[in-house]
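Peer 1: The numbering used here applies: residue 14 is where the sequence shown begins, and numbers increase by one.
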Amino acid sequence: MSLLLRPRQQPVLLVLTLLITLALATLPLLSFAANRLVSGQPLMLWQVAQSWLLLLPLLWLWQGLWWKPRRRNLVMALLDAEILFALLIFIGGHTAAQLATDGSPLARTAFGSGLWCAAALALLLAAEAIRQLTTSTPWRILLNLQIWIVPLLLLLSGHLDHLSLMKEYANRTAVFDAAFSQHLLLLGGTLLPTLLIGLPLGLAIARRSRWQSAAFSVLNLIQTVPSVALFGLLIAPLAGLVAHFPVLASWGISGIGLAPALIALVLYALLPLVRSVVAGLQQVPQEVRETARGMGMSALQQFWHAELPLALPVWLSGLRVVVVQTIGLAVVAALIGAGGFGAIVFQGLLSSALDLVLLGVIPVVALAVVFDAALRLLSALLERTDD
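#1: For the stretch 27-39 against the stretch 131-141, do three or more pairs of beta-carbon atoms, one drawn from each stretch, fall closer than 8 Å, so that the two count as touching?
#2: Would you kindly work out how many angstroms separate the C-alpha atoms of LEU16 and PRO164, rounded to a whole number?
#3: Starting from ARG121, trace the beta strand (DSSP E) in both directions and tell me its first and last residue.
#4: Using three-state DSSP, classify LEU43 as helix, strand or coil.
#5: Any idea what DSSP makes of PRO239, helix, strand or coil?
#6: Could you spell out where the beta strand (DSSP E) holding GLN54 opens and where it closes?
#7: Please go through the same chain and pick out, in chain order, the residues whose beta-carbon is closer than 8 Å to the beta-carbon of HIS175, but skip the five residues on each side of it.
#8: Just list the alpha helix (DSSP H) runs in the stretch 344-391, keeping only unbroken ones of 4 residues or longer that don't cross its boundaries, in chain order.
#9: Would you say LEU208 lies against chain B (beta-carbon separation less than 8 Å)?
#10: Nearest CA to the CA of LEU71: which residue from VAL88, ASN86, GLN63, ASP93?
#11: Leaving out five residues before and five after TRP75 in sequence, what residues of the same chain have Cβ atoms less than 7 Å from its Cβ?
#12: Mapping DSSP to helix, strand and coil, what is LEU176?
#13: For THR148, which three-state DSSP category applies?
#14: Going by DSSP in three states, VAL51 sits in which element: helix, strand or coil?
#15: Taking ALA46 as the reference, give the member of LEU178, LEU169, ASN157 with the closest Cα.
#16: By the three-class DSSP mapping on this structure, what secondary structure does LEU78 have?
#17: For PHE258, is the classification buried or exposed, using 16 other Cβ atoms within 10 angstroms of its Cβ as the cut-off for buried?
#18: Do you know offhand how far LEU26's Cα is from LEU78's?
#19: Just tell me which of ALA262, SER267, LEU329, VAL260 has its CA closest to the CA of GLY293.
#20: So ALA252 packs on GLY268, CB below 8 Å; how close in whole Å?
#21: Using only the alpha-carbon positions, how far apart do GLY309 and LEU271 sit?
#22: Buried or exposed: which applies to LEU18, given that a residue is buried once 16 or more other Cβ atoms fall within 10 Å of its Cβ?
#23: Taking 8 Å as the cut-off, decide whether the C-beta atoms of ALA386 and GLY341 are in contact.
Put into structure tokens, the structure is as follows:
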């Protein structure tokens with residue numbers, strides 16, 4: 014009877030393992046179409062060669078649920094999830110290459126819903142094992158990043174070139190590269206004015222509490238406006254400005270394009286940054302300020318040597334929210350001609366091409382995850398330095 018109760022010691026791992034099993038057993042692993050225009054035919058797990066390899070890590074995951082949640086067993090769960098994730102991608106690429114060789118070069122093989130779900134659940138399972146293994150943020154980030162070593166090697170080696178997603182990339186390499194540059198331009202063009210406006214504004218209202226209510230009311234009101242609506246609202250005023258001041262057109266400012274996109278993104282980014290600046294300064298202990306004042310420091314020295322080191326991790330947390338939010342909202346900016354990966358996403362939606370949509374969505378998610386991890390790592394290192 015005690016053995017039957019042991020899986021309850023790891024309820025999260027149990028649920029994730031169960032969901033992975035259900036996804037692989039009931040959902041198509043791959044989708045195969047004769048060409049890009051026709052609907053794909055689902056390929057279940059038992060219809061795909063070498064899919065039996067997935068049973069090995071899956072059985073180990075089920076067996077591990079009966080073990081006590083010790084460090085060694087958590088490491089085994091992490092390795093099993095990594096192996097399962099890598100095998101899913103390997104089998105998908107291998108099967109796509111086989112089908113392309115045996116059939117028409119126009120054939121398209123895509124990951125099915127079962128593979129997408131199982132891969133996402135395997136990543137969640139690995140993240141849960143890492144969470145239980147260590148409380149150190151740098152180690153958690155590094156352990157999560159190393160999961161992607163094998164998939165990246167498979168990608169760089171050309172093993173995945175016959176997948177429909179990679180064929181879309183090969184056909185649109187120049188468009189993809191341009192979208193990548195435009196998306197980074199939107200991010201950088203948003204962060205710079207946001208920092209120049211948000212930091213002084215946050216410092217000002219942190220020193221004068223009576224301003225906070227009015228300032229946050231305005232910033233909160235901006236957040237309630239839907240992004241598409243805000244982009245649209247900026248078209249007429251900017252077009253009117255250009256009509257009255259034609260020199261603005263030579264600077265690249267118009268009712269559509271980069272200018273309204275950057276203005277809207279900056280307006281959305283101000284609230285999380287200003288709030289983090291205020292929160293960071295408010296959490297500095299009053300004793301620290303009094304000690305700095307007692308040492309004869311000026312107001313600027315108190316801020317630089319006493320308040321800033323303690324507030325900086327909170328500021329970085331706010332900046333992390335701004336970066337991730339901007340990367341996501343920049344997709345919608347493509348509707349007014351700002352470019353970026355949103356242009357690829359909407360092109361795929363208009364042509365009902367799922368692979369084209371994924372070609373725009375996956376880099377956006379990857380950028381958000383990378384920047385989020387980098388800023389979390391930097392924040393954790395700063396907190397460790399302060400300690």
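Even for Gly, the Cβ is constructed at its ideal location relative to N, Cα and C.
Peer 2: Short version:
#1: yes
#2: Position 3 of the sequence shown, counted from the start, is the residue given in the question as residue 16. Position 151 of the sequence shown, counted from the start, is the residue given in the question as residue 164. Bear in mind that a pLDDT of 40 at LEU16, under 50, signals an unreliable position, so the number given afterwards is only what the model happens to contain. Taking the straight line joining both Cα atoms gives about 36 Å.
#3: Locating residue 121 in the sequence shown gives position 108, counting from the first residue. Counting along the chain, the beta strand (DSSP E) containing ARG121 begins and ends at 121-124.
#4: Mapped onto the sequence shown, residue 43 falls at position 30. Of the three classes helix, strand and coil, the one that applies to LEU43 here is strand, per DSSP.
#5: To locate residue 239, count along the sequence shown from 1; it is residue 226. It is coil, neither helix nor strand.
#6: Translated into positions along the sequence shown, residue 54 becomes position 41. 54-56 is the extent of the beta strand (DSSP E) around GLN54.
#7: Taking the first residue of the sequence shown as 1, we reach residue 175 at position 162. GLY106, ALA109, ALA110, LEU112, ALA113, THR122, listed in sequence order.
#8: 354-363
#9: This model lacks chain B altogether; it includes just one protein chain.
#10: As a working note, residue 71 is residue 58 in the sequence shown. When only C-alpha atoms are compared, the closest one is ASP93.
#11: Numbered from its first residue, the sequence shown carries residue 75 at position 62. The residues are THR30.
#12: The sequence position of residue 176 within the sequence shown is 163, counting from 1. The answer is strand: DSSP assigns LEU176 an E or B state.
#13: Within the sequence shown, numbered from 1, the residue matching residue 148 stands at position 135. Coil at THR148, not helix or strand.
#14: On the sequence shown, residue 51 is found 38 positions in, with the first residue counted as 1. Coil at VAL51, not helix or strand.
#15: Translated into the one-based positions of the sequence shown, residue 46 becomes position 33. The option with the nearest alpha carbon to ALA46 is LEU178.
#16: In the sequence shown, counting from the first residue as 1, residue 78 sits at position 65. Coil, per DSSP.
#17: Here the question's residue 258 lines up with position 245 in the sequence shown. The residue in question, PHE258, is exposed, as its Cβ has fewer than 16 Cβ neighbours within 10 Å.
#18: Taking the sequence shown and counting its residues from 1, one reaches residue 26 at position 13. Taking the sequence shown and counting its residues from 1, one reaches residue 78 at position 65. Rounded to whole angstroms, LEU26 to LEU78 spans 7 Å at the Cα level.
#19: On the sequence shown, residue 293 is found 280 positions in, with the first residue counted as 1. Looking at the Cα atoms, LEU329 is the closest of the given residues.
#20: Reading the sequence shown from its first residue, position 239 is the one you call residue 252. Reading the sequence shown from its first residue, position 255 is the one you call residue 268. Yes, ALA252 and GLY268 are in contact; Cβ-Cβ is about 3 Å, under 8 Å.
#21: Reading the sequence shown from its first residue, position 296 is the one you call residue 309. Reading the sequence shown from its first residue, position 258 is the one you call residue 271. Their backbone Cα atoms lie some 48 Å apart in a straight line.
#22: Taking the first residue of the sequence shown as 1, we reach residue 18 at position 5. Since pLDDT at LEU18 reaches only 42, below the 50 mark, its modelled position is unreliable, and the value read off the structure follows with that caveat. Exposed: under 16 other Cβ atoms inside 10 Å.
#23: Counting from 1 along the sequence shown, the entry for residue 386 is found at position 373. Counting from 1 along the sequence shown, the entry for residue 341 is found at position 328. Contact flag unset, no.
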